[in-house]
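There are 2 protein chains.
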Amino acid sequence: MRDRLHLLTASEASALIRGRQISVVSLVDASLQRIDALEPGVNAWVTVDREGALETARRLATESEAGRFRGPLHGVPVGLKDLYDVAGMTTTAGAPPFAHERPTEDAESVARLRRAGAVIVGKTTTTPFAYRDPCETRNPWNLGHTPGGSSSGSAAAVAARMVPLALGSQTLGSTLRPAAYCGVVGLKPTYGRISLRGVVPLAWSLDHAGIFCRSVADAALALQVLAGHDPADPHSAQEPVADYLEAVSRAERPPRFGLVRQFFLERAGPEVGAHVEAVAQRLARAGAGLEEVKLPPSFAGVHEAGMRVMQVEAAAFHAVRFAAHAVRYPPQIRGAIEDGLEVRGVDYVAAQRGRGQFRAETAPLLARFDALLMPVTETAAPRGFSSTGDPVFCAPWTFAGVPAISLPSGLTRDGLPLAVQLVSGIFDEARLLAAARWCEAVLGFSGMPSESLVTQGGGREGSR
Amino acid sequence: MRDRLHLLTASEASALIRGRQISVVSLVDASLQRIDALEPGVNAWVTVDREGALETARRLATESEAGRFRGPLHGVPVGLKDLYDVAGMTTTAGAPPFAHERPTEDAESVARLRRAGAVIVGKTTTTPFAYRDPCETRNPWNLGHTPGGSSSGSAAAVAARMVPLALGSQTLGSTLRPAAYCGVVGLKPTYGRISLRGVVPLAWSLDHAGIFCRSVADAALALQVLAGHDPADPHSAQEPVADYLEAVSRAERPPRFGLVRQFFLERAGPEVGAHVEAVAQRLARAGAGLEEVKLPPSFAGVHEAGMRVMQVEAAAFHAVRFAAHAVRYPPQIRGAIEDGLEVRGVDYVAAQRGRGQFRAETAPLLARFDALLMPVTETAAPRGFSSTGDPVFCAPWTFAGVPAISLPSGLTRDGLPLAVQLVSGIFDEARLLAAARWCEAVLGFSGMPSESLVTQGGGREGSR
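Shown next, in the form of structure tokens:
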């Protein structure tokens, strides 16, 4: 078992620790060894807090040996996108030269992870300020391909089995896209479901926390720990928290899916398109309800509206720093801020109302199904590092603030991960997770990156 | 009793109808007669639906004679600010030449009033688009003075005993200010507590419904009917509705007040200032807790932030109509829209965050008291009709979205109403109403406009 500890999911590891079949120290040690072995090739980490993680592991081990467990993540190693504040660790937001901060308090979500017993291993890479300019991380499935972004490091670290659980964020498609490209589960819950206090914003009204893991059960477990009202985050929702673990443990009823061919399958590349159609048929054969759905009229304008909101809010957040350091900003985020500075208030307000219209119009559609089914991305992870890929299939659901999950579902002919996206109604995470768990059981995807690829290290194959 | 029916409060009338001591028809008839007698002097109504009101009254009378009651407002005559849609009645928004609409559906709040048994008497005047350009309504206490605005007609109609209950709205100070000037109770509940679906907006993120009546018990009764989630209004709150009637029926414990001298009493005119100080001392002598409080630092910027938000949202709502009809807009609303069109998106976002900061900083202060105590306006109702008065003492609490009430508390030497403002924490309407009910009992204000004044009709005394 000892040399396979890095393969455990968070739920499996937690159960074994609670059963005293494995020790917290050996689990954290396995995580650190895995990072040592694969990090030269993958480059998923900004900071690895080796000493801190081992010290916490020893303390938690003493507690668990005495039969005391902090919570459902007792001893589980976790990575955090380098937007999340951890007391005493630098937050760089992917732009270390001019944006680093040394917080004295944990982000609310980090505090919740710690209370649940998680071991913070370190900070994972993010694209600069969580926008589209790529960072140096590579896809563990093929080091010549992007892992996607902006939560590049969290997706890659979970895919490379360095940690079973990592947090990211999603403002357009920054959790589901890299999860799809890296063959891991990526969950973005409803807007406001997880506090973002202590997380560097990209755009306040669009930012969501994201969860990376390797099973739907783990996504439910992490959400159970992280969800809940935070009075100190003005965007935090008061909606009561459901029992997500219960929902996934009883996911036996075949769900009812709305298949979104319009825009999504029309625009997807041939390999992704054929794959999602095949998955849909496979789910239907296994008993799922399947009906093609039409998107509401407001879908036509929601992308432009959401982008405008994002640009203006990014420009508002960066105003002071951008005035001092504009030339140091990489081109994509610089362009977004420059565009945002030009937008009139009335157009921002109109864009927010366009989002609201889409949210309102999709609510009855989402209520008719357990989840909508569609691709996460147009293609598998693109070759090279000039782009983190296109978030266009994820962004509408981020703009609507509804929960969405990326579920690994197959491999391309070239051995890169393929995925399906499931989307449910606002605060319907329990329904979404149950549907995803059912799919996971039917699809039985169990691929993982080849050891030779992730350990090869060395120079990049891709062109820039 | 018959010639005094117009003096009944909504609660009193409702109880007498339920006890079959008065008939719905006679109550509605008394309301219509009172309007006939006083409307020439006061000018509170845009539309009086005599036929419709009497027809509804007859139907409700048949039901109540058979022992069937629709709800707690069964048979109670109600006025609606002419921003509220009533199916089949014109909505003018105070700008009849170019803004009238003929809605086919009731506003959600109107539907709730009807379900509770209310009789819609008609539509009351509003300043154009609920902003500061005065309308033609006069203060029933002295026809040479403004009733305040923008809910001018609802305040005047309730003060003149034409109806016991009317709805208005508040974006800056459009409910509490006219309530104070007209010597009636004015309640603005928490942002999102009452649906605004079917109500012409001024500024979406600032607009609140307002309740005009003549007792705190009536305010509680109306709020009980109107409060609650409306899934079709994107700004409607999901917060559970409290038992407001229970709260006011047990308002025996002396409340704890925070007296706000800073800004409010510093800036109030001498007569209002002395009055509010005297009220505070009287409440303290009756057993209330009383402590002077300091406003949080963000108070300094909240007025400018809120005004900017208002201007931008007004400009966004009016964009199309303003492009076609700018010259027909009266000067105050025209100026606000023109200013709003100039504001950058980033500055709007910063202003919204300034409001959020003030909301966050006042929450702990509000939590320490049953209510903050301060004046509603700097002076009693100003003479003349060139202005509806200054909303500067109401606007901060509208910007914060917290519940506030204006309670009549005395008269000036010239016989104009004076009032105090109570403000509580977000969704703490039960606490606010209980505190207001306690004050009402201690202060025992029972003034009403002199009959000779309200029936004099004829030309205005005031200068323009």
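Protein sequences appear in the order of chains A and B. Residue numbering for the first sequence is 1 to 464, as defined by the numbering used here. Residue numbering for the second sequence is 1001 to 1464, as defined by the numbering used here. Think of the CB as a built atom: it goes at the ideal place given N, C-alpha and C, for glycine as much as any other residue.
Item                                                                                                                                                                              : Value
Helix, strand or coil: which one does DSSP assign to His145 (chain A)?                                                                                                            : strand
Is it the case that the Cβ atoms of Asp85 (chain A) and Val241 (chain A) are separated by a distance below 9 Å?                                                                   : no
Where Pro1270 (chain B) and Trp1141 (chain B) are concerned, what is the direct C-alpha to C-alpha distance, given to the nearest angstrom?                                       : 21 Å
Please confirm if Tyr1348 (chain B) has its CB atom under 9 Å from at least one CB of chain A.                                                                                    : yes
Indicate whether Thr1124 (chain B) and Lys1188 (chain B) have their beta-carbon atoms separated by less than 9 Å.                                                                 : no
Nearest to Gln332 (chain A) by CA position, among A:Gln357, A:Arg353, A:Gly389 and A:Val279, is which residue?                                                                    : A:Gly389
Count the CB pairs spanning the stretch 1252-1260 of chain B and the stretch 1046-1059 of chain B that are closer than 8 Å, and state whether there are at least three.           : no
Quick one: give me the first and last residue of the beta strand (DSSP E) that Arg1338 (chain B) is part of.                                                                      : Contrary to the premise, residue 1338 (chain B) reads as Glu rather than Arg in this sequence. Per DSSP, Glu1338 (chain B) belongs to no beta strand (DSSP E); it is in the alpha helix (DSSP H), Pro1331 to Glu1342.
Is it buried or exposed, Ser386 (chain A), if we count other Cβ atoms within 10 angstroms and call 16 or more buried?                                                             : exposed
Among B:Asp1003, B:Arg1018, B:Arg1114 and B:Ser1014, which one has its Cα closest to the Cα of Gly1052 (chain B)?                                                                 : B:Arg1114
If you check the beta carbons only, do Leu290 (chain A) and Ala278 (chain A) fall under 9 Å apart?                                                                                : no
Say whether chain B places a C-beta atom closer than 9 Å to the C-beta of Trp438 (chain A).                                                                                       : no
Restricting to runs no shorter than 4 residues, where is the alpha helix (DSSP H) found entirely within the stretch 1366-1422 of chain B?                                         : 1395-1400
At a cut of 8 Å, does the stretch 1092-1109 of chain B reach the stretch 1057-1065 of chain B through at least three beta carbon pairs?                                           : no
Could you list which residues in chain A have their beta carbon closer than 7 Å to that of Pro1234 (chain B), in chain order?                                                     : Gly356 and Ala360
Looking at C-alpha atoms only, which residue of B:Thr1092, B:Ala1419 and B:Pro1072 is the closest neighbour of Cys1394 (chain B)?                                                 : B:Ala1419
May I ask you to report which of helix, strand or coil DSSP gives Thr1465 (chain B)?                                                                                              : Here chain B comprises residues numbered 1001 to 1464, so residue 1465 (chain B) is not present and cannot be evaluated.
Between Trp1141 (chain B) and chain A, is the shortest Cβ-Cβ distance under 9 Å, so that the two count as touching?                                                               : no
Check each candidate in B:Leu1226, B:Arg1431, B:Gln1421 and B:Pro1330 and name the one with the smallest Cα separation from Phe1129 (chain B).                                    : B:Pro1330
Can you find a C-beta in chain B that's less than 9 Å from the C-beta of Phe204 (chain A)?                                                                                        : In the sequence under discussion, the amino acid at residue 204 (chain A) is Trp, which differs from the Phe named in the question. Closer than 9 Å to some Cβ of chain B, the Cβ of Trp204 (chain A) qualifies, so yes.
Taking just the CA atoms, how far does Ser1236 (chain B) sit from Arg344 (chain A)?                                                                                               : 26 Å
Run through DSSP, which three-state label would Glu461 (chain A) get?                                                                                                             : Because the pLDDT of Glu461 (chain A) is 42, which lies under 50, any placement of that residue in the model is unreliable, and the question is left without a value.
Helix, strand or coil, according to DSSP, for Glu252 (chain A) in the structure here?                                                                                             : coil
Check for me: the beta strand (DSSP E) holding Ala532 (chain A) runs from which residue to which?                                                                                 : No information on residue 532 (chain A) is available, as it lies outside the stretch 1 to 464 that chain A covers here.
For Val46 (chain A), name the three-state secondary structure that DSSP assigns.                                                                                                  : strand
Does DSSP classify Gln33 (chain A) as helix, strand or coil?                                                                                                                      : helix
For the beta strand (DSSP E) that Glu1292 (chain B) lies in, which residues bound it at each end?                                                                                 : Gly1289 to Glu1292
Could you check the C-alpha separation between Pro403 (chain A) and Met1374 (chain B) for me, to the nearest Å?                                                                   : 44 Å
So what's Ser169 (chain A) in DSSP terms, helix, strand or just coil?                                                                                                             : strand
Return the chain-ordered list of same chain residues with a C-beta closer than 7 Å to the C-beta of Ala203 (chain A), the five sequence neighbours on each side being excluded.   : Thr171, Val309, Met310, Glu313 and Ala314
Compute the beta-carbon to beta-carbon distance between Ala1227 (chain B) and Arg1193 (chain B), rounded to the nearest angstrom, for a pair I have assumed lies under 8 Å.       : 5 Å
Rounded to whole angstroms, how far is the Cβ of Ala1219 (chain B) from the Cβ of Ile1405 (chain B), which I believe are closer than 8 Å?                                         : 7 Å
For Gln1238 (chain B), which residues in chain A fall below 8 Å Cβ to Cβ?                                                                                                         : Gln238 and Glu239
Which whole-angstrom value describes the C-beta separation of Ala1288 (chain B) and Arg1437 (chain B), a residue pair presumed to lie in contact below a C-beta threshold of 8 Å? : At roughly 13 Å, the Cβ-Cβ gap does not stay under 8 Å, so Ala1288 (chain B) and Arg1437 (chain B) are not in contact.
What's the gap between the Cα of Cys1182 (chain B) and the Cα of Arg1431 (chain B)?                                                                                               : 25 Å
In angstroms, rounded to a whole number, what distance separates the CA positions of Gly1354 (chain B) and Ser205 (chain A)?                                                      : 15 Å
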